[in-house]
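Numbering-wise (our numbering), the sequence shown opens with residue 65 and increments by one.
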Amino acid sequence: MGDMIGKRGKVTGGIGPGLVGEVMIEVRGGVEAFLAYSALPGEEHAVGSLVVVVEYLPPRTVYVAGAFG
């Protein structure tokens, strides 16, 4: 899963200051859940919003930013 950077995902557990959220991302021919933190301090991502992975910490943690489109 070395190609996680740049993948898009959907927030399934709210992400915000002091909160660990959850993001569903397509990997290995399926969709898997990852623990998610905001890449930018103070930024929030509501359930259902689209995000992009900017950093990946194996095995299941990602830092995300808002995605457009």
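C-beta atoms are modelled at their ideal positions from N, C-alpha and C, and glycine is treated no differently.
The structure presented is a predicted model; accordingly, all values stated were derived computationally and were not measured.
Distance, residue j Cα to residue i Cα
| i | j | result |
| --- | --- | --- |
| valine 87 | leucine 104 | 16 Å |
| isoleucine 69 | glutamate 119 | 6 Å |
| aspartate 67 | isoleucine 79 | 22 Å |
| glutamate 90 | proline 123 | 15 Å |
| lysine 71 | alanine 129 | 11 Å |
Residue i vs residue j beta-carbon contact at 9 Å
| i | j | result |
| --- | --- | --- |
| alanine 131 | valine 111 | no |
| tyrosine 101 | threonine 125 | yes |
Cβ neighbour criterion (16 or more within 10 Å) applied to residue i
| i | result |
| --- | --- |
| glycine 73 | buried |
| glycine 82 | exposed |
Cross-strand partners of residue i (DSSP beta bridge)
| i | result |
| --- | --- |
| phenylalanine 132 | Paired residue(s): none; phenylalanine 132 is not in a bridge. |
| serine 102 | Val128 |
| valine 118 | BP columns for valine 118 are empty, so no partner. |
| glycine 94 | Val91 |
Helix, strand or coil at residue i according to DSSP, with G and I counted as helix
| i | result |
| --- | --- |
| arginine 72 | strand |
| leucine 83 | strand |
| alanine 110 | coil |
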